[in-house]
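Only one structure is covered here, and it is reproduced in the block below.
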Amino acid sequence: MDIAGFRKTSLIDYPGQIAAVVFTQGCNFRCPYCHNPELIEFTSDKEFMDPDFLWDFLKQRNELLDGVVITGGEPTLQEDIIDFIKKIRSRGLKVKLDTNGSVFRVIETIVQDNLVDYVALDIKGAFADYPEIAGIKNQDHIDNVRQSMQLLVSSDITCELRTTVVPGYHDSAQVEKIAGQISGSGRYVLQNFRPGKTLDPALQEKSRFSEEKIYSFQEIVQKRTPNLEVEVKD
Numbered sequence: 007m008d009i010a011g012f013r014k015t016s017l018i019d020y021p022g023q024i025a026a027v028v029f030t031q032g033c034n035f036r037c038p039y040c041h042n043p044e045l046i047e048f049t050s051d052k053e054f055m056d057p058d059f060l061w062d063f064l065k066q067r068n069e070l071l072d073g074v075v076i077t078g079g080e081p082t083l084q085e086d087i088i089d090f091i092k093k094i095r096s097r098g099l100k101v102k103l104d105t106n107g108s109v110f111r112v113i114e115t116i117v118q119d120n121l122v123d124y125v126a127l128d129i130k131g132a133f134a135d136y137p138e139i140a141g142i143k144n145q146d147h148i149d150n151v152r153q154s155m156q157l158l159v160s161s162d163i164t165c166e167l168r169t170t171v172v173p174g175y176h177d178s179a180q181v182e183k184i185a186g187q188i189s190g191s192g193r194y195v196l197q198n199f200r201p202g203k204t205l206d207p208a209l210q211e212k213s214r215f216s217e218e219k220i221y222s223f224q225e226i227v228q229k230r231t232p233n234l235e236v237e238v239k240d
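This note's numbering applies: residue 7 is where the sequence shown begins, and numbers increase by one.
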């Protein structure tokens, strides 16, 4: 595992749980508004964390932690992600996976073997608009996201679908299209964009959506998906 970052304790990354957070290196998407741009490339000038440090830490903190969040970058691109998850679970800890859903074979294994407790799947936008919104033109990857979503929402694993809405990339029409492609029950989260460190420097000082606007997006989704719990994170 190429572990590029580690947060020892988080109260917000895994809903209702106290968790450590592991950040993996490398992503196959190029979202202009990505707030972890240093994790996109598959190589890094900095040294990756020694996994033994992580295992020692989890052993020491086992009784104080509920679980581990694996995020990135895109964790499912790591060749040993399945073994890594199994090793965490063997310590009696829950696992939450943050993913863009583009590596369907890994998502399929995770669901079939019930390897994680919680998945947060990013829905960047309407699938037809992924080339612009997610900076990706590989249609296979986009199709994989759709398959991953369909599999996860019908599985027994707790699944959260989420979209970061960004001025210039998302508007009411875009949110309407997203609402038309998500279904099922469970949780859908609209996250308001936060300016700051982004892949596209032009977005670093971009204004966020107003509270009124983002709650109007919530209303759009709720009308189209009455079985989904739609939450706003401002």
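For glycine and all other residues, C-beta sits at the position ideal for the given N, C-alpha and C.
- Glu80 sits in coil when the DSSP states are folded into three classes, being neither helix nor strand.
- Taking a contact as a CB-CB distance under 8 Å, the pair Leu167 and Ile129 counts as one, their CB atoms being some 5 Å apart.
- DSSP lists no beta-bridge partner residue for Tyr20.
- Under the DSSP definition of a beta bridge, Gln156 lacks any partner.
- In this structure, DSSP gives Lys212 a state outside helix and strand, which the three-state scheme calls coil.
- Here Asn198 is not near Ser108, since their CB atoms are 8 Å or more apart.
- Secondary structure remark: continuous beta strand (DSSP E) runs of at least 3 residues inside the stretch 11-60, in chain order: 25-30.
- Distance from the Cα of Asn68 is smallest, within the candidate group Pro21, Ile94 and Thr49, for Ile94.
- The three-state secondary structure of Asp104, taken from DSSP, is strand.
- Ala134 has no beta-bridge partner at all, per DSSP.
- Where Asp89 is concerned, the enclosing alpha helix (DSSP H) starts and stops at Ile87 to Arg95.
- Residue burial annotation: Ile76 is buried, with at least 16 other C-beta atoms found within 10 angstroms of its C-beta.
- Straight through space, the alpha carbons of Val195 and Ile87 are spaced by roughly 25 Å.
- In the DSSP annotation of this structure, Val112 is not part of any beta strand (DSSP E); the continuous alpha helix (DSSP H) holding it starts and ends at Phe110 to Gln118.
- Assigned with DSSP and collapsed to three states, Asn198 falls in strand.
- Here DSSP, grouped into helix, strand and coil, assigns Glu182 to helix.
- Around the beta-carbon of Phe54, fewer than 16 other beta-carbon atoms lie within 10 Å, marking it exposed.
- Under the three-state reduction of DSSP, Tyr221 is assigned to helix.
- Between the C-alpha atoms of Phe215 and Leu64 there is a straight-line separation of about 39 Å.
- Annotated three-state conformation of Leu167 is strand, per DSSP.
- C-alpha of Ile188 to C-alpha of Cys37: approximately 20 Å in a straight line.
- Judged by pairs of C-beta atoms under 8 Å, the stretch 178-192 touches the stretch 121-135, as three or more such pairs exist.
- Taking the CA atoms as reference points, Thr15 sits about 20 Å from Leu45.
- The shortest C-alpha to C-alpha distance from Lys203 to any of His41, Gln228, Leu99 and Val74 is the one to His41.
- In this structure, the alpha-carbon of Asp119 lies about 18 Å from that of Asp104.
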